[in-house]
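Residue numbers (our numbering): 82 to 471.
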C-alpha cells in the first residue's frame, strides 16, 4: 500500500549487534513500508547518545545508558534489544587456564590478579563468576583496573600482565582465537548475571511514531531470525560501513548466540508477575543495584518505574501491524488506526548530578559494557572487531 507521504523519524543506534536490525530494517525498506522516513545516526557510545536525546525519538543501547537516561529523567525503556550475557566473561590466558583448578580448590584468589574495566558489565560478570565458584576475593587487592577492553586483552598477552581478565565481545572473541574456547572460564549466562540492552524512547517522542519505529525495528529482528546467514553478511557490511573490520566466521557464530526478541517475546519479557515485577525489570534491577553500589548513579532506582510496556501493547493491539512485525510479507499497514494507551507517568527524579565524569576513560567500539564512561571511541583494531556498549 503506497504512502501519501513519509513522516520524518530518527532512531539512534550503535555499531553493535543490537543496532544491526535497525540498519537492516532501513536497508530493506521496512521503515518506509509503514510511512516513516528513517534517519539512523550511529553513536560510538551511550553517553553522547543520551546527551543528544532531543534529536531522536527512539534508540538502541546497552543497559547503562538506559539507566543513565532514567536517572536524568529523559527516557523510558520500551523493551529489550538483546541478551548479551554470553558475550561478557571471565577469561584466562594459557597460564590462567592451567591454574584455574587450583584456585577453585583453594577457594580464594590469594594474590591472583584479574584485569577488568572499572564498573563495567565485565566486572559485574567477573564478580558473579567468582561467587558461582565460591572463590573469595577482594576487589581492592585482586582487581587491576584498566579502562578498555584492548588494555585488558593486552594485559593477558603480556608475560608480566594478569593471567585473568574481564572481557566482552568482540575482544572476548580475540581471546578465544588466541587461547581456545577453554579461555572462557565463565560467562554471564553461566553465572546467572543478566547483561542486556534496551530500546529507549525519549519522553518527548510522539507515542504513535515511536511505536511505529519500534515495529520496523522488530521486523528487522524477525528478518534476523528468519535469515541468519544473510543477516550475518549484513552485520559485517554494517560494521565495515562504520569503519570496523569484519568479524571472523567463528566470531560471527558466537555473535549470533545472543538472543534477539520479536514482538511476542517482548511481551513475555514485559509481563509482570503477581508482585508487579517483569522479567525485564528484574534483569535491569540487577544492573541498577550494581551501578548504585559502585557509585555510578546517585540513587537506587526502581527499574519497573522506567520500563513502559505501552509501546509494545500499542503494536500488539493492531492485528495487522502485529502480524507485519512477525512475518516478512511485503504488504504493511500504513495507518494502524489504534489510539495509544495513556502514557505512563514519568517518576520525579529531581535534578541529580550526572554520573558521567568530565573526562571518562576511553573505550573501544563497538561495545556495550562500561557503566562509568559509557564511551567507546574507535580504538586500535584487534584481530577480531573490538566490540556493552552501550
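Note that CB positions come from ideal geometry on N, CA and C, so glycine has one too.
Q.
For residue 162, report the span of its beta strand (DSSP E) as first-last.
A. Counting along the chain, the beta strand (DSSP E) containing residue 162 begins and ends at 156–164.
(Q) Considering only the alpha carbon of each residue, which of 136, 313 and 403 lies closest to residue 286? (A) In terms of Cα proximity to residue 286, the closest of 136, 313 and 403 is 136.
Q) If residue 336 sits next to residue 124, beta carbons under 8 angstroms apart, how far is it from one beta carbon to the other, in whole angstroms? A) Wrong, their Cβ atoms sit about 20 angstroms apart, outside the cutoff.
Q) For residue 90 versus residue 290, is the C-beta distance shorter than 8 angstroms? A) Residue 90 places its beta carbon less than 8 angstroms from that of residue 290.
Q: Can you tell me which of 251, 294, 304 and 163 puts its alpha carbon nearest to the alpha carbon of residue 320?
A: Measuring from the Cα of residue 320, the nearest candidate turns out to be 251.
(Q) Which residue marks the beginning of the alpha helix (DSSP H) containing residue 290, and which one marks its end? (A) That run of the alpha helix (DSSP H) goes 288–307.
Q. Per DSSP, what kind of secondary structure is residue 199 in: helix, strand or coil?
A. Three-state result, residue 199: coil.
Q) Among 357, 269 and 104, which has the Cα closest to the Cα of residue 140? A) Taking only the C-alpha atoms, the option nearest residue 140 is 104.
Q) What alpha helix (DSSP H) runs, 4 residues minimum, are completely inside the segment 187–236? A) Within the segment 187–236, the runs of alpha helix (DSSP H) at least 4 residues long that lie entirely inside it are, in chain order, 202–213 and 220–223.
(Q) Is it buried or exposed, residue 268, if we count other Cβ atoms within 10 angstroms and call 16 or more buried? (A) By the 10 Å Cβ count, residue 268 comes out buried.
Q. CB residue 134 to CB residue 378, shorter than 8 angstroms?
A. Cβ distance not < 8 angstroms, so residue 134 and residue 378 don't count as in contact.
(Q) If I measure Cβ to Cβ from residue 196 and keep anything under 8 angstroms in the same chain, skipping five residues before and after, which residues do I get? (A) Excluding residues up to 5 positions away in sequence, 224, 225, 226, 227, 232, 233, 236, 237, 242, 243, 245, 246 and 247 lie with their Cβ nearer than 8 angstroms to the Cβ of residue 196 in the same chain.
Q. Roughly how far, in whole angstroms, is the beta-carbon of residue 344 from the beta-carbon of residue 293, given that I think they are within contact range, below 8 angstroms?
A. Not a contact, Cβ separation roughly 13 angstroms.
Q. Whose C-beta lies closer than 7 angstroms to the C-beta of residue 176 among residues of the same chain, with five residues either side of it excluded?
A. The residues 244, in chain order, have a CB closer than 7 angstroms to that of residue 176 in the same chain once the five nearest residues on each side in sequence are set aside.
Q.
With distance defined between alpha-carbon atoms, name the residue in 254, 192 and 340 nearest to residue 165.
A. Closest by alpha carbon: 340.
Q) Under 8 angstroms between the Cβ atoms of residue 296 and residue 402? A) Their beta carbons are under 8 angstroms apart, which means residue 296 touches residue 402 by this criterion.
(Q) Does residue 248 come out as helix, strand or coil in the three-state DSSP assignment? (A) Of the three classes helix, strand and coil, the one that applies to residue 248 here is strand, per DSSP.
Q: Would you identify the three-state DSSP class for residue 338, choosing helix, strand or coil?
A: Correct three-state label for residue 338: coil.
Q | Segments of 3+ residues assigned as beta strand (DSSP E) that fall wholly inside the segment 87–122 | A | Whole beta strand (DSSP E) segments, 3+ residues: 88–93 and 117–120.
Q.
Would residue 143 and residue 209 qualify as a contact pair, given that the criterion is a beta-carbon distance under 8 angstroms?
A. Contact: no.
Q: For residue 390, I'd like the list of residues in its chain whose CB is within less than 6 angstroms of its CB, leaving aside the five on either flank, ordered along the chain.
A: Scanning its chain for C-beta atoms nearer than 6 angstroms, with the 5 sequence neighbours on each side dropped, one finds around residue 390 the residues 351, in chain order.
**Q.** Rounded C-alpha distance that separates residue 323 from residue 187
**A.** Approximately 46 angstroms between the Cα atoms of the pair.
Q. When we look at the beta-carbon of residue 338 and count the other beta-carbons within 10 Å, is it buried (16 or more) or exposed?
A. Exposed: under 16 other Cβ atoms inside 10 Å.
Q) According to DSSP, is residue 409 helix, strand or coil? A) Reduced to three states, the DSSP call for residue 409 is coil.
Q. Are residue 355 and residue 366 closer than 8 angstroms when you measure CB to CB?
A. It is not a contact, given that the beta carbons lie outside the stated cut-off.
Q. Residue 83 by DSSP, collapsed to three states: which one?
A. In the three-state scheme derived from DSSP, where H, G and I count as helix and E and B as strand, residue 83 is classed as coil.
Q. Candidates 122, 359 and 302: which alpha carbon is nearest residue 163's?
A. Comparing alpha-carbon positions, the option among 122, 359 and 302 lying closest to residue 163 turns out to be 302.
Q: Kindly give me the distance between the Cβ atoms of residue 157 and residue 284, rounded to whole angstroms, as I take these residues to be in contact under 8 angstroms.
A: At roughly 7 angstroms, the Cβ-Cβ gap stays under 8 angstroms, so residue 157 and residue 284 are in contact.
Q. Going by Cα to Cα distance, which pick from 106, 88, 86 and 84 is closest to residue 94?
A. Cα-wise, what sits closest to residue 94 is 106.
Q: Can you tell me which of 181, 154, 180 and 265 puts its alpha carbon nearest to the alpha carbon of residue 206?
A: Of the listed residues, the one whose Cα sits closest to residue 206 is 265.
Q) Buried or exposed: which applies to residue 404, given that a residue is buried once 16 or more other Cβ atoms fall within 10 Å of its Cβ? A) So residue 404 counts as exposed.
Q. Going by the beta-carbon positions, is the gap between residue 260 and residue 168 smaller than 8 angstroms?
A. It is not a contact, given that the beta carbons lie outside the stated cut-off.
**Q.** Run of the alpha helix (DSSP H) containing residue 152, from where it starts to where it stops
**A.** That run of the alpha helix (DSSP H) goes 144–153.
Q. Do you know how far the Cα of residue 275 is from the Cα of residue 254?
A. Using only the alpha carbons, I get a separation of about 19 angstroms.
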